[in-house]
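What follows is a single structure, written as structure tokens, with notes after it.
Protein chains: 2
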Amino acid sequence: MTTTLQDCRAMDAQDPLRPLRDLFVVPQGVTYLDGNSLGVMPKSAAARVAQVATEEWAQGLIRSWNAAGWFTMPQRLGDKLAQLMGAKAGEVVVTDSTSINLYKVLSAALTMAAQDAPHRTVVVSERTNFPTDLYIAQGLCKANGFTLELVDDGALDAAMRPDVAVLMLTHVNYRTGAMHDMKAITAAAQGAGVLTIWDLAHSAGAVPVDLNGADADFAVGCGYKYLNGGPGAPAFVWVHPRHAGRFEQPLSGWWGHAAPFEFAPGYRPAEGISRYLCGTQPIISMAALECGLDAMLAAQPLGGMQALRAKSLALTDLFISLVEQRCAGHGIELVTPRGHAQRGSQVCLTRSEGAYAIVQALIARGVIGDYRAADVASGVQQEILRFGFTPLYIGFEDTWNAVEHLKQVLDTHEWQRAGFNQKHAVT
Amino acid sequence: MTTTLQDCRAMDAQDPLRPLRDLFVVPQGVTYLDGNSLGVMPKSAAARVAQVATEEWAQGLIRSWNAAGWFTMPQRLGDKLAQLMGAKAGEVVVTDSTSINLYKVLSAALTMAAQDAPHRTVVVSERTNFPTDLYIAQGLCKANGFTLELVDDGALDAAMRPDVAVLMLTHVNYRTGAMHDMKAITAAAQGAGVLTIWDLAHSAGAVPVDLNGADADFAVGCGYKYLNGGPGAPAFVWVHPRHAGRFEQPLSGWWGHAAPFEFAPGYRPAEGISRYLCGTQPIISMAALECGLDAMLAAQPLGGMQALRAKSLALTDLFISLVEQRCAGHGIELVTPRGHAQRGSQVCLTRSEGAYAIVQALIARGVIGDYRAADVASGVQQEILRFGFTPLYIGFEDTWNAVEHLKQVLDTHEWQRAGFNQKHAVT
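Top to bottom, those sequences are chains F and Z. With this note's numbering as the guide, the letters of the first sequence map in order to residues 1 to 427. With this note's numbering as the guide, the letters of the second sequence map in order to residues 428 to 854.
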């Protein structure tokens, strides 16, 4: 059964989530399949950012720390985000960057392991985990006398050993779109006495996450991808309440103090998740992120993350099937798992030649996805064409258009034209 | 010789820096003497923040990382800031918070000491240093087997010992406005084999700083005080080139990698100061800070930091002399040193009673300074009325007005009115 453009338009017409698209600025002539790298701008963000600058900062000045609620933004945004990840109010703070938050929770986990189970001296992660996560882990393991052991994708049985302290995973792989079963892996780890840290960079706002339901230990993630918080938006951190008050994290700054305004000379960590704060936060960027979170929460009356997930799977299923129908014979292969339970909200393709140039040719046509190079050091030879589907603002006709352009780029060998193969820095 | 309002107006009229005030929004009816807590908004920031949101983010999307120069902002802003602190291009990055940057440089300093001089196991700071700096030092010393020794203000001879690894000081004290002689102290420390870390939170943009001239080792500071970068603006870090490439800092994230876009599995620090970066930065807040830095640099053709310093001293001299002339007999005492070489860009007063209520009464009249409580644990009993003078936008008539209101609040006992003594959280 072939799907037509008319079918796609009918799907958009029947999509109950379609009105959410109006909450965002999607540029004319652009099919944006890179929301897993930087989400689009919620329309409300422009006015909100202007308000923070011209009213709260310029007019309110120092008084706005209280009057405009700046000081409690990490917790207020955290409470909003908690609703999207199976966490409770008071369990999440929005602050700093993902890398810094990972440093905090991995430090706490290593302290905990050293105290509770000193024979556990190994941290396990996947070779294909997001590199910055591995960089942070390399440094912390070295400094604390732990060994970082990297395993092949999915070979997690190796982590369930009596010498392993922490299993640190990214829930949805940034390169392949493959998704782990958080609940099953966490349960297996817990059964083996292993703590779990989940990086939700490609999960929060993209797929349903149930941190308390999975009984995870720690989680961190990113505000500027599927949460549409703006470039470099602050990140987040969640710690299970059974741990949150137990250990200090090493970045013991005043925003994590039990009484930050006492300016007491001794550090005394706040109760619970607030001790994972450190220094003053960038308020204008925080305000933009709050607009992104509010736009996510606008989906709650329409079925929330479950409804978004159903649409995301419909979009990625459609993309896969259209690519296979319409681009057949061009050597394009699917990298992302076909099984729904193993797929995040992106589809990754590969081709033995030209992946970079094809992505560039698509961008020139207004279809923005991104390219990921081979990771030779990790034994991953595939070059990736990556397409993220954010169901809040991507529709079925968009998906058709993306494949139509891909087909034309391949049919006409457009990607072999001069210029498209010229590499420059990408993010 | 008494100074009159007319004298003050004449001083404003003759002030060659006066046109700089037009670069900033100073709210009607407000005399803002709290720029050492949160600087005012440069007029350019409103349009720039809007541009980042509605053009670079909303329309440029992921392409703006290159096209709009987002990725190089830490270095670009660092190069601008370097000019204000006696540093060279390529020696400063703007990133993260002051507390986090202090963590990075103190970690590097402790690593260096452990390697070069393992008998040096003490970190010295002042009891009255900014508390969050002490919190960071407490944690790092404990984790690394160092002892944190706190000395009384200025009793720094105690730091010049063969067992001391690091002397960590704030250049201008946040509570008293007293300024250290960076060059002399650094030279004495260097003579004793002690590394120096300077927190420039109340110095950068406020007083001339010559990091290379002083031959300091490390410096950090804040973007939202005298640099007018907006609420929670990112902070900065400088490391002397002789150290910058030598040690890794522990927050080894991808922005500090030698080749961040290779996504290589192993961490390899960038050359020089860029290795002090960690994760993705909040671009909208960074853009606002760049406006603050550009407004500072607009003073360069008018004499730059030296001219700003001369005006700052004239303003604080005037404030002190007017308070002593016009508020005599009300029990107000000067806390900030009278000597120019010992004074930052703020004046701190104290009174045996009512300091908090007096500040509140002044705020109700539109004269915004701030209050700092006694620090009993450190043996500091004085309650502080703190007034910051930012010569970029504060004038001589402003200074007259502030004292006039203070006089009226004291003459009429207005501060004893109900309400002014009711404390709430302040920053």
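From the three backbone atoms N, C-alpha and C, an ideal C-beta is built for every residue, glycine too. Here the structure is a predicted model, which means the values were calculated and not measured.
Anything in chain Z within Cβ reach of F/W57, meaning under 7 Å, just list it in chain order. M468, G657, P658
Could you name the residues of chain Z that F/P74 contacts, counting a contact when the two beta carbons are closer than 7 Å? For F/P74, there are no neighbours in chain Z by C-beta distance under 7 Å, as the nearest C-beta there is about 10 Å away.
Cα-Cα, which of Z/L504, Z/K531, Z/R490, Z/S524 is closest to Z/E518? Z/L504
Starting from Z/L678, trace the alpha helix (DSSP H) in both directions and tell me its first and last residue. Z/L678 -> no alpha helix (DSSP H), and no H or E assigned at all.
Among residues of its own chain, excluding the 5 on either side of Z/A480, which ones have a beta-carbon nearer than 8 Å to its beta-carbon? Result list for Z/A480: I711, in chain order.
Taking the straight line between their C-alpha atoms, what separation do you get for Z/N848 and Z/W842? 8 Å
Tell me the DSSP secondary structure of Z/D461 in three-state form. coil
Contact with chain F by Z/L678, beta-carbon distance below 8 Å: yes
Going by the beta-carbon positions, is the gap between F/V49 and Z/V476 smaller than 8 Å? yes
Pick out whichever of Z/T538, Z/F690, Z/Q502 has its Cα sitting closest to the Cα of Z/W681. Z/F690
Can you tell me which of the three DSSP states Z/V774 falls into? strand
Does F/D157 have its Cβ less than 8 Å from a Cβ in chain Z? no
Span of the beta strand (DSSP E), counted from its first residue to its last, around F/M168: Run containing F/M168: 164–170, per the beta strand (DSSP E) assignment.
Let me know the secondary structure DSSP gives F/L385 once reduced to three states. Secondary structure at F/L385: strand, using DSSP grouped into helix, strand and coil.
Applying the 10 Å Cβ sphere with the 16-neighbour rule, what's the burial state of Z/E810? buried
Look at Z/L776 and Z/L812 and say whether their C-beta atoms are less than 8 Å apart. yes
What do you reckon, are the CB atoms on F/M286 and F/M73 nearer than 8 Å? Yes. Within cutoff.
Taking the beta carbon of Z/L432 as the centre, do at least 16 other beta carbons fall within 10 Å, making it buried, or is it exposed? exposed
What's the C-alpha gap between F/L38 and F/L277? 24 Å
Could you give the distance in angstroms between the alpha-carbon of Z/P635 and the alpha-carbon of F/A259? 34 Å
For Z/F690, would you say it is in contact with chain F, using Cβ-to-Cβ distances shorter than 8 Å as the test? yes
Residue-level contact to chain F via CB, Z/L789, 8 Å cutoff: no
DSSP-derived helix/strand/coil call for Z/R844: coil
Check for me: the beta strand (DSSP E) holding F/W65 runs from which residue to which? That residue, F/W65, is in no beta strand (DSSP E); its alpha helix (DSSP H) goes 64–67.
Could you check which residue in F/A159, F/G369, F/G379 has the C-alpha nearest to that of F/D398? F/G369
So is Z/A541 in contact with chain F if we call contact Cβ pairs under 8 Å? no
Closer than 8 Å, Cβ to Cβ, to anything on chain Z: give me those residues from the region 364–393 of chain F, in chain order. I368, D370, R372, A373, D375, A377, S378
Z/T763 and Z/A611 closer than 8 Å at C-beta: no
Report the CB separation of F/A165 from F/T121 in whole angstroms; it is logged as a contact under 8 Å. Sure, about 7 Å apart at Cβ, within 8 Å.
Assigned exposure category for Z/G806 - 16 Cβ within 10 Å defines buried: exposed
Here's a check: name, in chain order, each residue in its chain whose Cβ is nearer than 6 Å to the Cβ of Z/V521, leaving out the five neighbours to either side. P501, L504, G505, P661, F663
Which ranges does the alpha helix (DSSP H) cover as unbroken runs of at least 4 residues, wholly within the region 699–780 of chain Z, from first to last along the chain? Counting only runs that start and end inside the region 699–780 of chain Z, the alpha helix (DSSP H) elements of at least 4 residues fall at 710–724, 731–753.
Does Z/D449 come within less than 8 Å of chain C when only Cβ atoms are used? Judged by its chain identifiers, the structure shown contains no chain C, and its protein chains are F and Z.
At a cut of 8 Å, does the region 133–143 of chain F reach the region 152–164 of chain F through at least three beta carbon pairs? no
In terms of residue numbering, what span does the alpha helix (DSSP H) encompassing Z/H785 cover? This sequence places Ile at residue 785 of chain Z; His is not what is there. DSSP places Z/I785 in the uninterrupted alpha helix (DSSP H) bounded by 782–791.
I want to see whether chain F comes within less than 8 Å of Z/H684, judged by CB atoms only; does it? yes
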